Every structure is written in C-alpha cells, then in structure tokens.
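A.B. asks:
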Amino acid sequence: MADKTVLIVVAHPEPKSFTHAMACAAAEALIASGHSVQVSDLYNEGFRPDIGRHDMTSVADADRFQVQSEQAHAARVGAFAKDIAREQARIVDADNLILQFPLWWGAPPAILKGWIDRVLAYGFGYVDGRRFDTGVFKGRRAMIGVTTGGSVERFSDDGVYGPIGPILMPVRRLTLEYMGYDVAPDYVAHGVPRSDDTARKAHLAAFAKAVVAMAALPVVRTDDWRTALDTTPDAAWNRPI
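The sequence shown begins at 11 in the working numbering and counts up by one.
1) Distance, Cα to Cα, Val253 vs Thr144?
2) Output the distance between the C-alpha atoms of Ser43 and Ala85, rounded to the nearest integer angstrom.
3) With a cut-off of 8 Å, do at least 3 Cβ pairs link the region 152-172 to the region 121-136?
4) With a threshold of 7 Å on Cβ separation, who are the neighbours of Leu186 within its own chain once the five nearest residues in sequence on each side are excluded?
5) Over the uninterrupted alpha helix (DSSP H) stretch that includes Phe75, give me the two end residues.
6) How would you call Ser79, buried or exposed, if buried means at least 16 neighbouring beta carbons within 10 angstroms?
7) Counting beta carbon pairs with one atom in the region 205-223 and one in the region 25-35, are three or more of them shorter than 8 Å?
8) Inspect the CB distances between the region 12-24 and the region 104-115 and report whether three or more fall short of 8 Å.
9) Scan the region 151-200 and note each continuous beta strand (DSSP E) run of 3 residues or more that stays entirely inside, going in chain order.
10) Helix or strand or just coil, what does DSSP make of Leu122?
11) How many Å lie between Gly201 and Thr157 at the Cα?
12) Using a Cβ-Cβ cut-off of 8 Å (strictly less than) and excluding sequence neighbours within five positions of Ser68, which residues of its own chain qualify?
13) Which residue marks the beginning of the beta strand (DSSP E) containing Val20, and which one marks its end?
14) Going by DSSP, what residue range makes up the beta strand (DSSP E) through Phe111?
15) Cβ of Ile154 within 8 Å of Cβ of Arg183?
16) Give the DSSP-derived three-state secondary structure of Ala91 in the structure shown.
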C-alpha cells in the first residue's frame, strides 16, 4: 500500500466540538497507518466564505463581475487570492479529500459552502465538458463525515426529516462526484448531543477505520486540473449567469 496524502477540511467554529474530534480521530489513525495529513480548519484560519472581486488579483472584465469568467481568468494567469490559492494547493497535493462538518438547517455550514464556491473554482475544480466520469480530479477519492443533532429515526424514510442521502446529495453528487472523485460511503454520526461517551467513542473508532480503509484503496494521480481549461473555448464559460 502506497502512503497517501489526505486533506481534511473541517467546518466547525468550536475546537472542542465532536466534529473536530472526528477530524482528529481520522488524522491520528491515518498518520498511524503511514499516511500524511493536512487539515484545513476553516474557522480557525479565518476563511472568508463570500465570493467576489476579492477572490482575484487580476480582472478579466472590470465592468461586470461574471463569476465563471473571472475564475477562468484567474486560473489561466495564476491570479487567485492567497487563501484560495492555499486551499487549491492543498487539494492538488491530496490523494484523498475528507469534508467534515455538522448538519445545520439541513445543509453544511455557510463557511463550507463558501469554500466550495471559492476554492473549487471554474478552471480549477471543473470546466465545461469535464464532469463526473471525465471530471478533472478523476482517480482520486473523497469522503463526507457528518454530525447531526437528529437521531437515526428522524433521518429515516419514515422520519420527520426524511433520509439523509438526498440531504447530502449536493455535496456528494454535485460537488465531489461532479469533480470526478470516487466518493466513499458517507459517515454520519447521528444524534451527537444526545450520545453518551460510549456511543461517541464508537463513532470515532468507526470513522477512523473508514478513512483508513479509503486510504488503502488505489489512487490514480493526473495533472488534468492543470490542462483542462486549455482545451475549453472561452465561449463555453463566458455566459451571463
């Protein structure tokens, strides 16, 4: 088994949260198994979630801010802001990507959505004609780790919230799989505020085992993210959306 480099992106403001505990358990288990781990602690690092002109140090069109156009320009000329460039470099270096977050109002925290919007930019994370089976990061692996306040029963087919799969679909299918990642089964720690120490320790052990198992799987690294934009004509992305 070749050692892997794993990026864990953590989206919770409290270092003593169970979200952070899961990320720490995963990191410790991966390192003990011989892998390298990088952690992006979005709140601790003061990551800015709102997209805008501050994302780029160079301008494609000073009269109109069209997100894909400006992101494509930044990708071409190396003009992403420092925080975006830092996160993109971490992604490029990672064989495996783990997104670790609590479920708030049926979705990830806003800071993680901002990370997705700003970091997985057009020209870096995706381009026209390169998605899913032809995604730019095809050959690499990813996983979602989630904590919830609701119980397993509430997130069941007959529960008041419905199954959690469709809730996580925008992150799993329309983000990670969209970029080409082979995504492992989601790990969900249900009902964390109501869990006792025994249940929490079981979650930590199970999650650590799951991420180590993912890291043991083969990965095919390519440089497609470097060249995908070069074969995409400007007309494909310069649209008024």
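Think of the CB as a built atom: it goes at the ideal place given N, C-alpha and C, for glycine as much as any other residue.
It should be emphasised that the depicted structure is a prediction, and the values quoted were computed from it without experimental measurement.
C.D. replies: According to the data block:
1) Past the boundaries of the shown model lies residue 253; the chain is included only from 11 to 251, so the question cannot be answered.
2) 35 Å
3) no
4) Ala152, Val193
5) First-last for Phe75: undefined, no H or E at that position.
6) buried
7) yes
8) yes
9) 151-157, 197-199
10) helix
11) 8 Å
12) His83, Ala84, Val87, Ala89
13) 15-20
14) 106-112
15) no
16) coil
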